[in-house]
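Using the numbering used here, you'd call the opening residue of the sequence shown number 409 and step up by one each time. Here a beta-carbon is modelled for each residue, glycine too, at the ideal position from N, C-alpha and C. Notes for the one structure printed next.
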Amino acid sequence: MKIFSGIQPSGDLTIGNYIGAIQQWVEMHKDPSIDEQLYCIVDMHAITVTQDPKELRQKSREIAAIYIACGIDPEKATLFIQSHVPAHAELAWILNCTARIGWMNRMTQFKDKAGKNKENVSLGLYAYPSLMAADILLYDTTHVPVGDDQKQHVELARDIAQKFNHDYASDIFTIPAPVLRKEGARIMSLRDGTKKMSKSDPVDATRINLLDDADSITQKIKKAKTDSEPMPAKLEDLKDRPEVKNLVQIYASCADISMQDVLDKYAGANFGTFKPALAEVVVAKIAPIGEKVKELLADPAYLDDILERGAKKAESIAKVKLAEVYDAVGFIPRKG
Ligand code: ATP
Ligand code: LTN
409 MKIFSGIQPS
419 GDLTIGNYIG
429 AIQQWVEMHK
439 DPSIDEQLYC
449 IVDMHAITVT
459 QDPKELRQKS
469 REIAAIYIAC
479 GIDPEKATLF
489 IQSHVPAHAE
499 LAWILNCTAR
509 IGWMNRMTQF
519 KDKAGKNKEN
529 VSLGLYAYPS
539 LMAADILLYD
549 TTHVPVGDDQ
559 KQHVELARDI
569 AQKFNHDYAS
579 DIFTIPAPVL
589 RKEGARIMSL
599 RDGTKKMSKS
609 DPVDATRINL
619 LDDADSITQK
629 IKKAKTDSEP
639 MPAKLEDLKD
649 RPEVKNLVQI
659 YASCADISMQ
669 DVLDKYAGAN
679 FGTFKPALAE
689 VVVAKIAPIG
699 EKVKELLADP
709 AYLDDILERG
719 AKKAESIAKV
729 KLAEVYDAVG
739 FIPRKG
């Protein structure tokens, strides 16, 4: 098994990114059937919407620190910055020529992000899924652990890989599969249980940031939308209570128990009891991450060294795959 995943260095990482993506990656460290794990900081994806260059640089290092603070071991996984390995952009161009416009038009994330502004967003935002396919396909990735919102993009990467292999009568690309958590693949906004919690939401109160302090976490949970019923006893009773379901989900993930375990503990309780208990488990999980990130950011040379080693390792794999692709499409190799 080969694993690849990534996060954009845009905005502050949320507990949704942690539960949906990073927590899965950390758990994968224990799986002996995994041969290779690569976790990328996808800065080239981030510039598909406007970014402040200074902030982008700072966030890219911060994400590296967050990966490590959350438990990703740089000795077990390759951590690197996407723009350090040019093969990603190079393969993305080739895949732009394999992917079909009709496939891109089906991507719901583009529709959501472009909204009514479709004519005025960047071409990069539209082409983004083929860059993501390049990220995945360069490394013979078999499994891509992501949150629910990225499933469609991984499925598109499969379609692109299959079409390329077919068009060039080759088996150059391994066909990847998305890996989603059974519970927690989609953490919702604290203010609207039908909307994904997102680091680019303009309202900070909708999310818990991984670098929030204990006070703001407690305040945000206190003000999170709920309803006037007490906590239910059965999972099916959460069906029409998306906000409550989301809080139970967050509790379960942070305390490492099932959602049913949470209900067994709090059935019949009101939110005056449940919310402070939830804040406590979230703070216990998140606060140490913030502390560790601060320590790591105080030593940029250490982080840069890990990222440089990661880029070298990633490049050595990516280069070989890109050369196979160039050969298959009919590009003449350079003499020297
Ligand atoms: P944005 O809203 O700015 O697009 P994002 O919060 O969705 O950002 P990404 O960089 O797009 O963050 O996502 C990184 C990873 O985190 C992906 O695997 C994505 O599926 C996962 N993820 C993001 N938000 C959530 C969420 N609310 N619940 C579960 N997983 C999530
Ligand atoms: N598009 C993803 C980030 C991403 C990614 C990837 C995830 C870019 N390349 C490759 C998994 C594999 C997002 O979360 N917005």
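Backbone secondary structure at residue i - three-state DSSP
| i | result |
| --- | --- |
| Tyr447 | strand |
| Lys604 | strand |
| Met596 | strand |
| Asn525 | helix |
| Phe488 | strand |
| Ala632 | coil |
| Phe581 | coil |
| Val554 | coil |
| Asn617 | strand |
| Gly532 | helix |
| Gly414 | strand |
| Thr458 | coil |
| Lys516 | With the sequence shown as reference, residue 516 is identified as Thr, and Lys is not the correct amino acid for it. Three-state result, Thr516: helix. |
| Val733 | helix |
| Pro610 | coil |
| Val587 | strand |
Cβ-based burial, residue i [other Cβ within 10 Å; buried from 16]
| i | result |
| --- | --- |
| Asp648 | exposed |
| Ala393 | Only positions 409 to 744 of the chain appear in the structure, and residue 393 is not among them; the question remains open. |
| Asn425 | buried |
| Gly592 | buried |
| Ile740 | exposed |
| Ser597 | buried |
| Val827 | Outside the displayed range of the chain (409 to 744) lies residue 827, so it cannot be described from this structure. |
| Ile474 | buried |
| Glu483 | exposed |
| His453 | buried |
| Ile471 | buried |
| Leu531 | exposed |
| Lys438 | exposed |
| Asp451 | buried |
Cβ neighbours of residue i in the same chain (closer than 6 Å, five flanking residues each side left out)
| i | result |
| --- | --- |
| Ser724 | none |
| Lys467 | Pro417 |
| Arg599 | Thr614, Lys633 |
| Val562 | Val552, Pro586 |
Residue from the options with nearest C-alpha to residue i
| i | options | result |
| --- | --- | --- |
| Leu503 | Ala477, Ile442, Ala535 | Ala535 |
| Tyr576 | Thr506, His492, Gly523, Ala522 | Thr506 |
| Thr582 | Gly601, Val611, Asp548 | Asp548 |
| Gln657 | Gly676, Glu637, Ser636, Phe682 | Phe682 |
| Ile629 | Met639, Ala685, Lys607 | Ala685 |
| Ile411 | Val690, His551, Ala677 | His551 |
| Ala660 | Val689, Glu637, Ala677, His574 | Val689 |
| Leu618 | Asp579, Pro696, Asp557 | Pro696 |
| Asp520 | Ile427, Ile442, Leu533 | Leu533 |
is_contact[residue i, chain D] using C-beta, thresh 7 Å
| i | result |
| --- | --- |
| Trp511 | Among the protein chains of the structure shown there is no chain D, as only one such chain exists. |
Chain-order list of residues whose beta-carbon lies under 8 Å from that of residue i (same chain, five-residue window excluded)
| i | result |
| --- | --- |
| Ala692 | Cys662 |
| Arg566 | Ile583, Pro584, Ala585 |
| Thr458 | none |
| Gly676 | Pro638, Met639, Ala641 |
| Thr422 | Ile595, Met605, Ser606, Lys607, Arg615, Ile616, Asn617, Leu618 |
| Ser666 | Glu591, Ala660 |
| Asp635 | Arg649, Glu651, Val652 |
Cut-off 7 Å between Cβ atoms - residues of its own chain near residue i, not counting five sequence neighbours on either side
| i | result |
| --- | --- |
| Ser538 | Ala500, Leu503, Asn504, Ala507, Ile568 |
| Ala429 | Ser413, Ile415, Pro553, Val554, Gly555 |
| Gln668 | Leu643 |
| Ala736 | Tyr576, Ser578, Ile580 |
| Leu646 | Pro640, Val652, Lys653, Val656 |
Any non-hydrogen atom of ligand 4 closer than 6 Å to residue i Cβ
| i | result |
| --- | --- |
| Glu723 | For ligand 4, the structure offers nothing, since it holds only ligand 1 and ligand 2. |
**Prompt:** Looking at C-beta atoms only, is the number of pairs between the stretch 618-627 and the stretch 637-657 that lie closer than 8 Å three or more?
**Reply:** Result no; under three Cβ-Cβ pairs closer than 8 Å.
**Message:** Across the stretch 587-597 and the stretch 439-448, are there enough close Cβ pairs to call them in contact, namely three or more that are closer than 8 Å?
**Reply:** The stretch 587-597 is not in contact with the stretch 439-448.
**Segment contact flag, the stretch 525-545 with the stretch 491-506, C-beta cutoff 8 Å, min 3 pairs** = Under the three-pair Cβ rule at 8 Å, the stretch 525-545 counts as touching the stretch 491-506.
**Message:** Below 8 Å, how does it come out for the stretch 476-485 and the stretch 425-443: are there three or more Cβ pairs, yes or no?
**Reply:** With a cut-off of 8 Å on Cβ pairs, the stretch 476-485 is in contact with the stretch 425-443, counting three or more such pairs.
**Message:** Closer than 8 Å is the cut-off here; do at least three beta carbon pairs connect the stretch 487-496 with the stretch 714-729?
**Reply:** They touch, by the three-pair rule.
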